[in-house]
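Remarks on the structure that follows.
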Amino acid sequence: MAIPMTRIMVPQASSSLRLSHLTLSKPTRVDSLCRCAPSELQPLRSGLSLSAGVHAIPHPDKVEKGGEDALFVSSYRGGVIAVADGVSSWAEQDVDPSLFSEELMANASRLVDDEEVRYDPGFLIDKAHTATTSRGSATIIVAMLEEVGVLKIGNVGDCGLKLLRQGQIIFSTTPQEHYFDCPYQLSSEGSAQTYLDASFNVMEVKKGDVIVMGSDGLFDNVFDHEIVNIVTKHADVAESSRLLAEVASSHSRDPGFESPYALEARAKGFDVPLWKKALGMKLTGGKLDDVTVIVAQVVDS
1 MAIPMTRIMV
11 PQASSSLRLS
21 HLTLSKPTRV
31 DSLCRCAPSE
41 LQPLRSGLSL
51 SAGVHAIPHP
61 DKVEKGGEDA
71 LFVSSYRGGV
81 IAVADGVSSW
91 AEQDVDPSLF
101 SEELMANASR
111 LVDDEEVRYD
121 PGFLIDKAHT
131 ATTSRGSATI
141 IVAMLEEVGV
151 LKIGNVGDCG
161 LKLLRQGQII
171 FSTTPQEHYF
181 DCPYQLSSEG
191 SAQTYLDASF
201 NVMEVKKGDV
211 IVMGSDGLFD
221 NVFDHEIVNI
231 VTKHADVAES
241 SRLLAEVASS
251 HSRDPGFESP
261 YALEARAKGF
271 DVPLWKKALG
281 MKLTGGKLDD
291 VTVIVAQVVD
301 S
C-alpha cells in the first residue's frame, strides 16, 4: 500500500534540522513521516550534520493531488536527503504516477537505519526499490552525510544535486538519460534500471557548504547563476528552498523564457517548424512540471 507523502519525512530527534513548510496548493504543516522512532536513531556525535529546508510546488494541473514528486529528510547520523520524481506517462495506463514515488520514498525513510543498508545510498536505493509494490516508475537521488564530512550520493535519472562552497558550485551530478527527456528510472517493470545503473559520487564537505537537491522541475527551469544568487543572498535554508521553488515554477509557466530545458532541446535538434524559423522564431519556454527543492547546509552537530 502506498503511503501518502503530503508531509515531509524528518525525525524530531535532531534540533539541528529545521524545515520549511511543504507548499502544494497552500502551505501544509511539516510533520514526521519517518518510520524510525526517535529512540531508534543513532545519537549524533560531535561532527557535521545537515540543516535542511524543503519546498515543493506541484504542476498546475496536479495541485489537487499534490503532484507526483516525493521526498524525505532524515537526521539519522549526519543526515539523509532524497527526492523521487514519478514518471507521468504512467497516467496513460490509468496508473497514478505519484504512488510509486511516494512508496519508494516511504520505504527509503523506513530503511535508512537498516543494518543491511550500511549507510550506503546504493543499498538504500536497492532495498527501497525492492520493497516498492506500486505500479509505476520514478527517478531518484539520495545523499547521505557522514559526521566526519563525507557526502555519499547515488542517483538514477535526472533528479539532481549541486554542492556550493563560498558562492561557487563545485560539484553537480550528471543526468542519466536514454535520450532527450527520457531519463533512467526505477520501475515496477523488470526491464527498467536498478541500483546497479545508478551514478555514485563521494566527496568531502566542509562546514558552511550548501547542498541544493531537486527534481528536474528545478534544474530544467533555473540556471546555475540563479541558484548561486539565491543561496548566497539567503542564509536561511527554508527561505532559499522556497525562493528556488518559486523561481522554477514561475519560469516553467513563462513561454518566452530561455530556460535550460529549451536550450538543451534546441541543442538536441528539437525546435519550431522551419516556417517559424524563417520568421525568426525559436523554441522557448520553461518546462511545466512539479518542482521539489531541498536546500541543506553543512553545520556543526
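In UniProt numbering, the protein residues as written are 1 to 301.
Glycine is no exception: its CB is placed at the ideal position from the N, C-alpha and C atoms.
Computed from a prediction, not measured in an experiment: that's the story for all the values here.
**Item:** CB of Gly-160 within 8 angstroms of CB of Val-228, strictly
**Value:** As a working mapping, residue 160 is identified with position 160 in the sequence shown. As a working mapping, residue 228 is identified with position 228 in the sequence shown. Taking 8 angstroms as the Cβ cut-off, Gly-160 and Val-228 do not qualify as a contacting pair.
**Asked** Helix, strand or coil: which one does DSSP assign to Met-105?
**Response** In the sequence shown, residue 105 corresponds to position 105, counting from 1. Helix, per DSSP.
**Message:** Closest to His-129 by C-alpha separation, out of Arg-266, Val-112 and Gly-208, would be which residue?
**Reply:** Reading the sequence shown from its first residue, position 129 is the one you call residue 129. From the listed residues Arg-266, Val-112 and Gly-208, the smallest Cα separation to His-129 is found for Val-112.
**Item:** Complete runs of the beta strand (DSSP E) confined to the stretch 179-218 [at least 3 residues]
**Value:** Look at the stretch 179-218 and you find these whole runs of beta strand (DSSP E), each 3 residues long or longer: 199-204 and 210-214.
**Request:** Report the option in Ser-301, Pro-60 and Tyr-179 whose CA atom is closest to the CA atom of Glu-264.
**Result:** The sequence position of residue 264 within the sequence shown is 264, counting from 1. Of Ser-301, Pro-60 and Tyr-179, the residue nearest in Cα terms is Tyr-179.
**Message:** For Met-281 and Pro-273, I'd like the C-alpha separation in whole angstroms.
**Reply:** The sequence position of residue 281 within the sequence shown is 281, counting from 1. The sequence position of residue 273 within the sequence shown is 273, counting from 1. Between Met-281 and Pro-273, the C-alpha separation is close to 9 angstroms.
**Message:** Could you check whether Asp-289 and His-55 sit closer than 8 angstroms to each other, using their CB atoms as the reference points?
**Reply:** In the sequence shown, residue 55 corresponds to position 55, counting from 1. In the sequence shown, residue 289 corresponds to position 289, counting from 1. Taking 8 angstroms as the Cβ cut-off, His-55 and Asp-289 do not qualify as a contacting pair.
**Counterpart residues of Ser-250 in DSSP-defined beta bridges** = Here residue 250 is taken as the residue at index 250 of the sequence shown, counted from 1. Looking at the DSSP assignment, Ser-250 forms no beta bridge with any residue, so it has no partner.
**Request:** Give me whichever residues DSSP pairs with Phe-223 in a beta bridge.
**Result:** Reading the sequence shown from its first residue, position 223 is the one you call residue 223. Paired residues: none, contrary to the question.
**Request:** Return yes when the Cβ of Ile-141 is within less than 8 angstroms of the Cβ of Asn-155, no when it is not.
**Result:** Residue mapping note: residue 155 aligns to position 155 of the sequence shown, counting from 1. Residue mapping note: residue 141 aligns to position 141 of the sequence shown, counting from 1. Yes, they are a contact pair.
**Prompt:** Looking at C-alpha atoms only, which residue of Thr-292, Asp-271 and Val-205 is the closest neighbour of Asp-300?
**Reply:** Counted from its first residue, the sequence shown places residue 300 at position 300. Its Cα nearest to that of Asp-300, the residue Val-205 stands out among Thr-292, Asp-271 and Val-205.
**Message:** If I measure Cβ to Cβ from Glu-116 and keep anything under 8 angstroms in the same chain, skipping five residues before and after, which residues do I get?
**Reply:** Reading the sequence shown from its first residue, position 116 is the one you call residue 116. Only Phe-123 and Lys-127 meet the Cβ criterion.
**Message:** Below 8 angstroms on the Cβ atoms is my contact criterion, and I expect Phe-72 with Ser-188 to pass it. Report the Cβ-Cβ distance as a whole number of Å.
**Reply:** Numbered from 1 along the sequence shown, position 72 holds the residue referred to as residue 72. Numbered from 1 along the sequence shown, position 188 holds the residue referred to as residue 188. Contact between Phe-72 and Ser-188 is absent: CB atoms are separated by about 20 angstroms, not below the 8 angstroms threshold.
**Message:** Counting C-beta neighbours from all protein chains within 10 Å, is the total for Cys-34 16 or more, i.e. buried, or is it exposed?
**Reply:** On the sequence shown, residue 34 is found 34 positions in, with the first residue counted as 1. Residue placement at Cys-34 is flagged as unreliable, the pLDDT there being 30, under the threshold of 50; the coordinate-derived value follows with that caveat. That one is buried.
**Asked** Tell me which same chain residues have a C-beta within less than 6 angstroms of the C-beta of Ser-134, skipping the five on either side of it?
**Response** As a working mapping, residue 134 is identified with position 134 in the sequence shown. Around Ser-134: Ala-2, Leu-99, Phe-100 and Glu-103.
**Prompt:** Do you know how far the Cα of Ser-51 is from the Cα of Ser-39?
**Reply:** By 1-based counting over the sequence shown, the position of residue 39 is 39. By 1-based counting over the sequence shown, the position of residue 51 is 51. Confidence is the limiting factor: at Ser-39 the pLDDT is only 29, short of 50, which leaves the residue's position unreliable and the question unanswerable from this model.
**Message:** Just to confirm, is the Cβ distance from Ser-215 to Val-295 under 8 angstroms?
**Reply:** As a first step, residue 215 is located in the sequence shown; it is residue number 215 there, counting from the start. As a first step, residue 295 is located in the sequence shown; it is residue number 295 there, counting from the start. It is not a contact, given that the beta carbons lie outside the stated cut-off.
**Prompt:** Can you name, in chain order, every residue of its own chain whose Cβ lies under 8 angstroms from the Cβ of Gln-42, other than the five neighbours on each side?
**Reply:** The residue labelled residue 42 in the question sits at position 42 within the sequence shown. Only weak support exists for where Gln-42 lies, its pLDDT of 41 falling under 50; the value from the coordinates is given anyway. Taken in chain order, the residues that qualify are Tyr-76, Arg-77 and Asp-113.
**Prompt:** Terminal residues of the continuous alpha helix (DSSP H) containing Ala-82?
**Reply:** Translated into the one-based positions of the sequence shown, residue 82 becomes position 82. Unbroken run through Ala-82 is the beta strand (DSSP E), 80-86; no alpha helix (DSSP H).
**Request:** Assign Val-295 to one of three DSSP states: helix, strand, or coil.
**Result:** Here the question's residue 295 lines up with position 295 in the sequence shown. Three-state result, Val-295: strand.
**Message:** Please tell me whether Val-231 and Val-247 are closer than 8 angstroms, where the distance is taken between their beta carbons.
**Reply:** Counting from one through the sequence shown, the residue named residue 231 turns up at place 231. Counting from one through the sequence shown, the residue named residue 247 turns up at place 247. No; because the gap between Cβ atoms is not below 8 angstroms, this pair is not in contact.
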